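Taking this note's numbering, the leading residue of the sequence shown gets -16, the next gets one more, and so forth. Backbone N, C-alpha and C fix where the C-beta goes; we use that ideal spot for every residue, glycine too. Just so you know, these numbers come straight off a predicted model, no measurement behind them.
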Amino acid sequence: MLNSLSVLTGLRGLALAALLAGALVVLAACSGDDEQQQQQQQAAEPSQQQAEQQSSTAASGRSADDQQAQAQAQDEPSATSQQQAQQEQQQQVAAAPSGDKEEIIFSDLNWTSSEIQVRAAAFIVEHGYGYPVELQAGDTTSLFQGLIQGDTHITMEIWPAQQPWIDDLDDPGVIDILGDSLDENWEGWVIPQYVKDANPGLVSVSDLPDYIDLFVTADSRGRARFVGCVPGWACEQVNSNKIVAYGLEDLFEVIAPGSGAALFEDLESTYARGEAWLGYMWGPTKPTATLDLYRLEEPEWTEDCWNSHQGCAYPSSEVRIAVHRSLSARAPEIIEFLRAWDFSADVQVQSEIWMSDNNASPDEAAIWYLENNPRVWAAFVPDEVAARVLDALGLSATALDRPTIVFSDLNWTSSEIQVRAAAFITEHGYGYPVELQAGDTVSLFQGLINGDTHVTMEIWPAQQPWIDELEDPDIIALLGDSLDENWEGWVIPQYVKDANPGLVSVSDLPDYMELFVTADSRGRARFIDCVPGWACEQVNGNKVVAYGLEDVLELVKPGSGAALFEDLESTYARGEAWLGYMWGPTKPTATLDLYRLEEPEWTEECWNSDQGCAYPASEVRIAVYHTMLNDAPDIVEFLLAWDFAADVQVLSEIWMSDNNASPDEAAIWYLKSYPEVWSAYVTADAAAAVLAALAEED
């Protein structure tokens, strides 16, 4: 479904050239004047040459040589004023195939994020707004100069370290600076984290003289190999200035990669071999998102430093869009589009990763971005423009529909209540269709990893899949806190502890096994375990082995979280001994006096081996499938603010138990009882819509 900008533009140029040439031949035949025919043919030749050049350069960017050849053809001494007028008229026709709209030229800077977003924006400008477009390839310096002169009209990435930007930014007669292009950006010198770990004293650029040998290679002439910027990028000169300011001229062998892709490849291949690497990098990019890197400290940026020797950190990077001032008057709708544009870090990195993993071109990556993020870019343009772009992509208008958001409906009370409360807000406050997928911890977390579900409201740190997958941003994103003040462990009633003061820790259980023997426990201590399918089931099994209690405990598996609570509460009501797994805060831990048995202190080494130690501190989080960041950013913002605090959680559980209510009823009770709590997590419009929906509930 690829619709290449370059191919489409090239075909358009060739077609127009052919039509113009044919029209002139007909005119010549009708006139019968050989001299006039010759002049017209001469006029047609450079115009046809120009159209062919437009065709060929649309794919690769119009080079300086191409422009010079055009200028020479138009300025031939033999050309008459009449011929030049004809050429100019033909050029106007070729440049504006869509009515009288003039061509818009984008600066095609030679690094990945710019290449992708330039093509995506140009596709929208061409197919959504009907302007002919061209991409002019080049480096930072030449293309910024081209923007100042009006040879190009739009530059999608202006970084603050680019000196021409600093020099010309304040001249409103030259360029306008529009909205943000990228976000959360930085520039600096980096090394792999494994190099830093092996050399803890290597913290800042001032430490480099003591670690030069780490970065010496066969071709670095006994100096540290430093991979710098691509020639022509503004950072090339900045890095040279830094090297001088830091006194590293005789210690560095600067390597200039031929392109941004070559810079990435150099880092990634070295990292794959586990070797030392030192060089310039910026983020977010595919390497910074997928590799563990350490940015060397530098003296803090100051304006005085930057305007003199530049021996300090790069300035904070607010990457902006710049347009030539002439565009504001002739294409105000494009200005509005670019003011709204935001190539955010998540979609940027995903697009770069897709491009790399699929060995794709920037054109293909731009189409992939547009096809896979229609609700993102459609927010930047009017509805009719979005419809035309979708049609050009071969997508239907349903691509803009709000996606159904599937919540993981984990089978314990706190999750059941808050999942339903959050889903109610999502549906009635923000207008998304919602579904609840029931299951246990393992199956639903696997569903989240696979994208079968989109939101899991409780991710506990003891859940091994969470530990394994947490660091992969392509799978899930961890948002704000779900619960607070949480813990997990093995408990007994306080009255059992009071009657048996020597029963303090798990190591004391063999001496008190008889307390917990029941008629059906086969002479062993009855231990109420986790619900089958919960991650803690495997953890408790490992603990039993690690503590040497295989022949002491008889593990009983409750069928649900409610059954676990009921077993504890009913035993407690009878004043009998009880031993088992519990977590808090929950209704039982809030209403019963329980004692948590001591265990060896948690350590990462213990947890990664036999788990014969306490559960880790419980920072319960919300996790979403990565597509949510693009498909439902408003819901992501809502979930980032969410907090099902201990007091409202326990009160909701108590109300549910005391009223023999369902989780759906408990969620509605929470929403009706605490509007001042949850309304702080949502927009005013969403809160009003939720309150209106609650008014219709019984």
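Which of the three DSSP states is assigned to residue i in this structure?
i	result
E533	coil
W351	helix
Q333	helix
P175	strand
A314	coil
S97	helix
V660	helix
A672	helix
N290	coil
W718	This structure cannot speak to residue 718, because the chain is shown only from -16 to 681.
L677	helix
S252	helix
G377	coil
L276	strand
P270	helix
Y495	helix
N643	coil
What are the residues that DSSP puts in a beta bridge with residue i?
i	result
N224	Partner(s): none; N224 has no beta bridge.
E236	R208
T569	Looking at the DSSP assignment, T569 forms no beta bridge with any residue, so it has no partner.
A423	Ala is not the amino acid found at residue 423; the sequence shown has Asp there. In the DSSP output, where bridge partners are listed per residue, D423 has none listed.
V389	E418
D464	R604
F510	L538
I141	R303
L92	G121
M264	G171
T396	Beta-bridge pairing links T396 to no other residue.
D163	R303
G184	For G184, which the question treats as bridged, DSSP gives no partner whatsoever.
S488	E581
Distance check for residue j and residue i, CA to CA, integer angstroms please.
i	j	result
A272	E537	47 Å
L246	V210	7 Å
T138	S96	12 Å
E588	A597	12 Å
L683	L231	Here the chain comprises residues numbered -16 to 681, so residue 683 is not present and cannot be evaluated.
A343	V359	22 Å
I149	T124	Since pLDDT at I149 reaches only 49, below the 50 mark, its modelled position is unreliable, and no value is offered.
I87	W142	22 Å
G257	E170	23 Å
P515	G542	7 Å
S299	N290	15 Å
E117	I131	17 Å
V684	V199	There is no way to answer for residue 684, as the model of the chain reaches only from -16 to 681.
A678	W517	36 Å
L279	G544	49 Å
D593	L532	14 Å
P240	C212	7 Å
A312	D83	14 Å
E680	I408	14 Å
N394	Q420	10 Å
E281	C295	6 Å
E582	N523	12 Å
G133	P175	42 Å
H437	A349	25 Å
Answer with buried or exposed for residue i, where buried requires no fewer than 16 other C-beta atoms within 10 angstroms of its C-beta.
i	result
S38	Low confidence applies here, because S38 scores a pLDDT of 35, under 50, leaving its location unreliable; read the following figure in that light. Looking at its Cβ environment, which holds 16 or more other Cβ atoms inside 10 Å, S38 is buried.
R505	exposed
E399	buried
G266	buried
E18	For E18, the pLDDT reaches just 41, beneath the cut-off of 50, and the residue's location in the model is therefore unreliable, although a value from the coordinates is still provided. Exposed: under 16 other Cβ atoms inside 10 Å.
K655	exposed
D193	exposed
T285	exposed
D534	exposed
D325	buried
V186	exposed
A68	Because A68 carries a pLDDT of 40, less than 50, the predicted location of this residue cannot be relied on, and the following value inherits that uncertainty. Result: exposed.
T381	exposed
V101	buried
E696	Within the shown structure, residues of the chain are numbered from -16 to 681, placing residue 696 beyond reach of any answer.
T569	buried
Does residue i get closer than 8 Å to chain D when you measure Cβ to Cβ?
i	result
V173	Structure shown: chain D not included; a single protein chain is present.
Does the Cβ of residue i lie closer than 7 Å to at least one heavy atom of the ligand GDP?
i	result
E283	What this structure holds is no ligand at all, so the ligand GDP is not there to describe.
With a floor of 4 residues, list each alpha helix (DSSP H) that falls wholly inside the segment 571 to 633, ordered by position along the chain.
-> 587 to 590, 611 to 614 and 616 to 624
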